[in-house]
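Protein chains: 2
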Amino acid sequence: MASWLQIPKNSPFSLANIPFGIISAASSRVPAIAIGEYALNLNAFASSGGFAQLPAVQSHLSVFNQPTLNAFAALGRPVHRQVREYLQNVFRADTQFPQILKDNAALQKSALVPLSEVTNHVPMQIGDYTDFYAGLNHAYNIGVLFRGHDNALQPNYKHLPVAYHGRASSVVPSGTALHRPQGQILANPAADPKVPTFSPCKKLDIELELACFISTPNDLGKPVSIDEAEDHIFGLVLMNDWSARDIQAWEYVPLGPFNAKNFGTTITPWVVLIDALEPFRATGLEPGNQESLLPYLREKKSKNCYEIPLEVEITNKGGQPTIISNSNARNLLYSFPQMVAHHTVTGCNLNTGDLLGSGTISGAEPKTQGSLLEQTNGKTPLALADGSERMFLEDGDTVVLRGKAGTEGNYVGFGDCVGTILPPFKL
Amino acid sequence: MASWLQIPKNSPFSLANIPFGIISAASSRVPAIAIGEYALNLNAFASSGGFAQLPAVQSHLSVFNQPTLNAFAALGRPVHRQVREYLQNVFRADTQFPQILKDNAALQKSALVPLSEVTNHVPMQIGDYTDFYAGLNHAYNIGVLFRGHDNALQPNYKHLPVAYHGRASSVVPSGTALHRPQGQILANPAADPKVPTFSPCKKLDIELELACFISTPNDLGKPVSIDEAEDHIFGLVLMNDWSARDIQAWEYVPLGPFNAKNFGTTITPWVVLIDALEPFRATGLEPGNQESLLPYLREKKSKNCYEIPLEVEITNKGGQPTIISNSNARNLLYSFPQMVAHHTVTGCNLNTGDLLGSGTISGAEPKTQGSLLEQTNGKTPLALADGSERMFLEDGDTVVLRGKAGTEGNYVGFGDCVGTILPPFKL
């Protein structure tokens with residue numbers, strides 16, 4: 001697909017993508033899509049008759065005049081699909097509707113904004129955020145560190161997508177700087193009795209994840225079946241689930257991570273629709289395991305993950321960047337529909353805007369892991385291009401996650417998921 | 001304090017209380033207070049000049065025309081205190097403002113609604129719900145079951161208030177019936193390899209808790225100091241944190257409870273303001289431990305818990321009720337201000353309406369525990385007044401939690417926290 005708009009060949013936002021987000025416009029927040037090096041302000045576009053050739057959304061135009069994507073998402077997958085295909089049509093070189101935008105210089109001027117000038121926001125009002133642990137290699141690698149090779153995976157791991165409830169309030173958009181968290185850590189974990197000290201986190205880590213936003217809600221008490229689960233998913237973002245490993249090690253028994261994760265979680269601001277990822281379906285790591293799952297988790301589709309190359313980059317204070325990891329979304333043992341089915345099987349209600357993280361996505365080989373803990377174990381430092389070394393993150397480090405599926409000229413990607421670590425807040 | 005309104009001596013909603021909630025009125029939801037056997041519709045009250053003698057709220061009257069208490073809570077503790085004291089004045093036998101309501105039959109008729117005719121709702125829009133584990137005896141009792149007496153409490157327990165993120169979407173008001181959850185359980189936990197089956201929960205339990213709602217938010221990155229923490233608390237409710245013990249036992253390693261807790265959490269609909277509980281401050285279980293805490297958790301007030309008798313009642317299908325437990329809020333090792341300080345020490349932001357549960361409140365003696373697991377361990381059945389026995393809850397069981405501080409005629413209580421178990425949803 002070629003566009004009349006000039007789109008760089010390496011852009012994650014090709015015509016094959018059309019991701020949705022929320023941008024600042026004047027003093028308000030409005031829905032937009034990203035395309036090439038531009039955002040299309042959908043509020044300006046809709047109010048100038050941009051959707052005139054799409055009858056299906058005429059009675060829903062108010063969703064484009066909202067500060068979050070919740071109202072649009074709640075319209076359901078068939079509408080998302082129509083809107084995406086219509087916008088692809090509008091931007092195609094051979095568009096059926098040249099009068100809408102291609103030949104409409106005034107609307108181009110008012111609605112197309114260079115991404116370099118755009119301020120993005122968390123695209124949805126998140127009710128609850130849940131983080132899964134579906135990255136098989138990550139779970140294995142972490143298990144080896146804690147329990148050795150033989151007992152690396154817990155007995156439940158291959159039967160259900162393990163998850164915990166996360167903190168929604170501190171989900172922030174790419175570009176938000178975060179203070180290094182402070183809290184209780186064990187300066188000497190071997191001491192007996194164990195006595196904690198108050199300290200800035202000394203083992204600040206990243207977690208490379210994907211996450212999905214929920215579109216259609218389900219009622220309390222009524223599980224979503226595995227066959228219907230995908231239609232409850234709006235789309236995906238990249239996510240960095242920052243983790244304070246030393247705080248986590250001390251606090252996490254018996255109820256799991258809490259302060260170690262609640263200080264910030266960074267997501268990319270553009271939601272890639274689930275339909276945009278359809279061409280990149282791939283067979284998962286363990287097709288045989290899928291067939292042994294309980295029926296409520298068994299998918300009809302054999303290709304239940306995506307081929308999406310992912311990477312992690314670290315840079316200190318504008319210095320030379322280092323790609324420290326190359327991973328792939330295929331490293332997830334469970335799919336997002338399986339996560340939805342499992343989450344709701346007890347009757348738990350998911351609401352529009354809820355966020356479900358995948359868990360850390362690590363490969364099995366060196367330099368493919370999605371966390372520093374797996375790469376260094378706090379023992380073997382990682383060499384950065386600027387000559388420095390890392391066990392964990394230092395103040396001033398900027399971490400960028402990237403992920404894009406497809407090929408040059410037709411990438412379907414997430415854009416950069418960027419976060420910088422500030423020194424601890426002065427108490 | 002005597003009132004011109006007839007208030008039963010055993011009412012939890014005496015003039016000393018004045019709790020706030022959200023009730024249905026016509027087709028909308030409005031703020032109200034509970035007093036004796038009535039709710040006062042604050043929207044009707046405010047719009048008829050009920051607050052005319054309280055200058056401090058004149059510019060904020062719109063908070064009484066909202067479907068949640070969030071806007072009122074966000075006004076901060078000094079305003080809550082003034083409004084409560086003003087309403088106490090209005091209802092006092094020797095009110096300074098008889099013209100407002102005592103001698104105003106029309107406003108009494110339009111704004112006072114018998115509680116028996118009131119429909120209550122979750123009083124706040126909950127952003128995030130966090131559940132702590134601050135009940136010392138509960139943590140000890142559960143620890144004994146899993147690890148024996150010598151290692152019952154984990155090494156971190158007396159250093160920090162352990163917590164996990166809970167599920168906000170499924171917090172429901174008292175009176176909501178819940179389907180017995182279904183999910184993965186181990187029919188034979190001793191088998192190797194462990195293979196789960198899909199089943200309705202067979203070990204459905206309760207957890208007797210208190211919970212606080214947050215009023216004033218804090219910014220991401222900026223911890224709330226222990227000295228300021230209480231002013232971030234709006235008030236307290238009773239909470240039943242329903243728990244599926246068999247689902248929990250299988251799923252909870254390594255990240256904590258998830259499906260075992262996400263199908264429903266019941267709260268009382270009337271928020272008892274933190275100021276209303278001030279007269280019931282009491283010394284906690286282990287004053288010595290408080291002094292050994294890290295400074296960010298150390299409170300200046302030595303009386304850092306409340307003397308609030310609590311009880312748990314079970315009834316099956318309208319049969320004879322049985323009080324199965326008598327406990328007390330003094331069984332919490334950590335206070336709500338300590339929970340706020342710990343929650344935010346990493347920089348986590350709390351928002352108006354966030355809910356923080358205390359954890360199960362159990363005594364040390366038989367018949368004082370706040371969960372069935374502690375009372376029966378699934379082995380020693382509990383005898384009910386109707387002649388039946390319980391290890392865990394059966395379909396048709398109605399559980400009522402109650403709690404009130406103070407003495408006859410001046411009770412400050414929460415009202416009933418009621419939930420009934422329905423059979424599993426038919427898949």
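Chains as they are written, first to last, in full-length UniProt numbering: chain A, 1 to 427; chain B, 1 to 427.
C-beta atoms are modelled at their ideal positions from N, C-alpha and C, and glycine is treated no differently.
Taking Cβ positions only, does tyrosine 296 of chain B come closer than 8 angstroms to chain A?
Counted from its first residue, the second sequence places residue 296 of chain B at position 296. Yes, because at least one Cβ of chain A sits closer than 8 angstroms to the Cβ of tyrosine 296 of chain B.
For the candidate residues A:Lys202, A:Pro155, A:Ile142 and A:Pro196, whose alpha-carbon lies nearest to that of glutamate 394 of chain A?
For the purposes of this step, residue 394 of chain A is identified with residue 394 of the first sequence, where counting begins at 1. Nearest C-alpha to glutamate 394 of chain A: A:Lys202.
In chain B, which residues lie less than 8 angstroms from serine 169 of chain A when you measure between Cβ atoms?
One-based indexing of the first sequence puts residue 169 of chain A at position 169. Here the neighbours are Gly127, Asp128, Leu220, Cys348, Asn349, Leu350, Asn351 and Asp354.
Distance check for aspartate 192 of chain A and glycine 353 of chain B, CA to CA, integer angstroms please.
Residue mapping note: residue 353 of chain B aligns to position 353 of the second sequence, counting from 1. Residue mapping note: residue 192 of chain A aligns to position 192 of the first sequence, counting from 1. CA-CA distance, glycine 353 of chain B to aspartate 192 of chain A, rounds to 40 angstroms.
If you scan the stretch 55-128 of chain A from start to end, which runs of the beta strand (DSSP E) of 3 or more residues do you find wholly inside it?
Qualifying beta strand (DSSP E) stretches, in chain order: 112-114.
Beta-carbon neighbours of proline 200 of chain A, restricted to chain B and to distances below 9 angstroms
Locating residue 200 of chain A in the first sequence gives position 200, counting from the first residue. Per Cβ cutoff of 9 angstroms: no residues; proline 200 of chain A is ~10 angstroms from chain B at best.
Verify the CB distance criterion: does glutamate 394 of chain A have a CB-CB separation below 8 angstroms to chain B?
Along the first sequence, read from residue 1 onward, the residue named residue 394 of chain A stands at position 394. Taking Cβ atoms only, chain B never reaches closer than 8 angstroms to glutamate 394 of chain A, which makes this a no.
Straight-line gap, aspartate 205 of chain B to arginine 84 of chain A (C-alpha atoms, nearest Å)
Here residue 205 of chain B refers to the residue found at position 205 of the second sequence. Here residue 84 of chain A refers to the residue found at position 84 of the first sequence. Aspartate 205 of chain B and arginine 84 of chain A: Cα-Cα distance of roughly 47 angstroms.
Neighbouring residues, chain A, relative to tryptophan 250 of chain B (Cβ below 9 angstroms):
In the second sequence, the residue the question calls residue 250 of chain B occupies position 250. Here the neighbours are Pro155, Asn156, His159 and Leu160.
If you draw a straight line from the C-alpha of leucine 372 of chain A to the C-alpha of histidine 138 of chain A, how long is it?
As a first step, residue 372 of chain A must be located in the first sequence, where it is residue number 372. As a first step, residue 138 of chain A must be located in the first sequence, where it is residue number 138. Cα-Cα distance, rounded: 11 angstroms.
With burial defined as no fewer than 16 other Cβ atoms inside 10 Å of the residue's Cβ, what is the status of serine 327 of chain B: buried or exposed?
For the purposes of this step, residue 327 of chain B is taken as residue 327 along the second sequence, with counting starting at 1. With a 10 Å radius around the Cβ and a threshold of 16 neighbouring Cβ atoms, serine 327 of chain B comes out buried.
Against chain B, with Cβ distances strictly below 8 angstroms, would lysine 426 of chain A count as a contact?
For the purposes of this step, residue 426 of chain A is identified with residue 426 of the first sequence, where counting begins at 1. Cβ-Cβ to chain B under 8 angstroms: no for lysine 426 of chain A.
Bounding residues of the beta strand (DSSP E) (the contiguous stretch that carries phenylalanine 280 of chain A):
Taking the first residue of the first sequence as 1, we reach residue 280 of chain A at position 280. That residue, phenylalanine 280 of chain A, is in no beta strand (DSSP E); it is neither H nor E in DSSP.
Determine the direct distance from the alpha carbon of leucine 427 of chain A to that of lysine 379 of chain B, and round the result to whole angstroms.
Working through the second sequence from its first residue, we reach residue 379 of chain B at position 379. Working through the first sequence from its first residue, we reach residue 427 of chain A at position 427. Straight-line measurement puts the Cα of leucine 427 of chain A at about 50 angstroms from the Cα of lysine 379 of chain B.
Thinking C-alpha only, which one of A:Glu389, A:Ile7 and A:Ile142 is nearest proline 114 of chain A?
Along the first sequence, one-based indexing puts residue 114 of chain A at 114. For the set A:Glu389, A:Ile7 and A:Ile142, the Cα lying nearest the Cα of proline 114 of chain A is the one of A:Ile7.
Take the Cβ of arginine 147 of chain B as the centre, count every other Cβ of all protein chains shown within 10 Å, and call the residue buried at 16 or more, exposed below.
On the second sequence, residue 147 of chain B is found 147 positions in, with the first residue counted as 1. Exposed is the label assigned to arginine 147 of chain B, since fewer than 16 other Cβ atoms lie within 10 Å of its Cβ.
Determine the contact status of alanine 276 of chain A and alanine 16 of chain A, defining contact as a CB-CB distance below 8 angstroms.
To locate residue 276 of chain A, count along the first sequence from 1; it is residue 276. To locate residue 16 of chain A, count along the first sequence from 1; it is residue 16. Alanine 276 of chain A places its beta carbon less than 8 angstroms from that of alanine 16 of chain A.
Are the Cβ atoms of glycine 166 of chain B and tyrosine 129 of chain B separated by less than 8 angstroms?
The sequence position of residue 166 of chain B within the second sequence is 166, counting from 1. The sequence position of residue 129 of chain B within the second sequence is 129, counting from 1. Yes.
For threonine 398 of chain A, which beta-bridge partners are listed by DSSP?
On the first sequence, residue 398 of chain A is found 398 positions in, with the first residue counted as 1. Per DSSP, A:Thr315 and A:Thr420.
Compute the beta-carbon to beta-carbon distance between asparagine 259 of chain B and isoleucine 247 of chain B, rounded to the nearest angstrom, for a pair I have assumed lies under 8 angstroms.
As a first step, residue 259 of chain B must be located in the second sequence, where it is residue number 259. As a first step, residue 247 of chain B must be located in the second sequence, where it is residue number 247. Contact between asparagine 259 of chain B and isoleucine 247 of chain B holds: their C-beta atoms lie close to 5 angstroms from each other, under 8 angstroms.
Applying the criterion that 16 or more other CB atoms from any shown protein chain within 10 Å of the CB defines a buried residue, is asparagine 151 of chain B buried or exposed?
On the second sequence, position 151 is the one that residue 151 of chain B refers to. Label assigned to asparagine 151 of chain B: exposed.
Going by DSSP, which residues form a beta bridge with methionine 239 of chain B?
Here residue 239 of chain B refers to the residue found at position 239 when the second sequence is read from its first residue. Beta-bridge pairing links methionine 239 of chain B to B:Glu209 and B:Ile267.
For proline 19 of chain B, which residues in the same chain have their Cβ closer than 6 angstroms to its Cβ, ignoring the five residues on either side in sequence?
Numbered from 1 along the second sequence, position 19 holds the residue referred to as residue 19 of chain B. Only Ala34, Trp270, Val271 and Val272 meet the Cβ criterion.
One question on the structure: do glutamate 209 of chain A and glycine 363 of chain A come within less than 8 angstroms of each other, judged by their Cβ atoms?
In the first sequence, residue 209 of chain A corresponds to position 209, counting from 1. In the first sequence, residue 363 of chain A corresponds to position 363, counting from 1. Not closer than 8 angstroms, so no.
Would you tell me roughly how many angstroms separate the C-alpha atoms of glutamate 291 of chain A and proline 196 of chain B, rounded to the nearest one?
The count along the first sequence starts at 1 and reaches residue 291 of chain A at position 291. The count along the second sequence starts at 1 and reaches residue 196 of chain B at position 196. A straight-line Cα-Cα distance of about 15 angstroms links glutamate 291 of chain A and proline 196 of chain B.
Span of the alpha helix (DSSP H) holding proline 337 of chain B?
Counting from 1 along the second sequence, the entry for residue 337 of chain B is found at position 337. Note, proline 337 of chain B: alpha helix (DSSP H), 336-344.
May I ask you to list, following chain order, the residues of the stretch 162-194 of chain A that have a beta carbon less than 8 angstroms from some beta carbon of chain B?
Under the 8 angstroms Cβ criterion, the stretch 162-194 of chain A contributes Val162, Ala163, Tyr164, His165, Gly166, Arg167, Ala168, Ser169, Ser170, Val172, Leu178, His179, Pro181, Gln182, Gly183, Gln184, Pro193 and Lys194.
What do you reckon, are the CB atoms on serine 199 of chain B and alanine 74 of chain B nearer than 8 angstroms?
In the second sequence, residue 199 of chain B corresponds to position 199, counting from 1. In the second sequence, residue 74 of chain B corresponds to position 74, counting from 1. Contact: no.
Using the Cα positions of proline 337 of chain B and leucine 40 of chain A, report the straight-line distance between them to the nearest angstrom.
As a working note, residue 337 of chain B is residue 337 in the second sequence. As a working note, residue 40 of chain A is residue 40 in the first sequence. Distance between the alpha carbons of proline 337 of chain B and leucine 40 of chain A: 46 angstroms.
Quick one: using the 10 Å Cβ neighbour count with 16 as the cut-off for buried, is alanine 407 of chain A buried or exposed?
Walking along the first sequence from the start, residue 407 of chain A turns up at place 407. Note that residue 407 of chain A is threonine in the sequence shown here, rather than alanine. Threonine 407 of chain A counts as exposed, since fewer than 16 other C-beta atoms from the protein chains shown sit within 10 angstroms of its C-beta.
Considering only the alpha carbon of each residue, which of B:Leu69, B:Ala46 and B:Pro67 lies closest to leucine 61 of chain B?
As a position in the second sequence, residue 61 of chain B is number 61, starting the count at 1. When only C-alpha atoms are compared, the closest one is B:Ala46.
Return the residues of the stretch 255-272 of chain B that lie within a Cβ-Cβ distance of less than 9 angstroms from chain A, sorted by chain order.
Flagged, chain order: Leu255, Gly256, Pro257, Phe258, Asn259, Ala260, Lys261, Asn262, Phe263 and Gly264.
So leucine 40 of chain A is in the beta strand (DSSP E); what residue range does that whole segment cover?
Counting from 1 along the first sequence, the entry for residue 40 of chain A is found at position 40. First-last of the beta strand (DSSP E) with leucine 40 of chain A: 38-41.
Residues of chain A with CB closer than 7 angstroms to the CB of tyrosine 133 of chain B, please, in chain order.
Here residue 133 of chain B refers to the residue found at position 133 when the second sequence is read from its first residue. Ordered by position in chain A, the residues that pass the 7 angstroms Cβ test against tyrosine 133 of chain B are Leu255.
Compare the C-alpha of isoleucine 361 of chain B against each of B:Pro217, B:Leu355, B:Leu333 and B:Leu384 and name the closest.
Locating residue 361 of chain B in the second sequence gives position 361, where the first residue counts as 1. It is B:Leu333 whose Cα lies nearest to the Cα of isoleucine 361 of chain B.
Backbone secondary structure at tyrosine 164 of chain A - three-state DSSP:
Counting from 1 along the first sequence, the entry for residue 164 of chain A is found at position 164. The answer is strand: DSSP assigns tyrosine 164 of chain A an E or B state.
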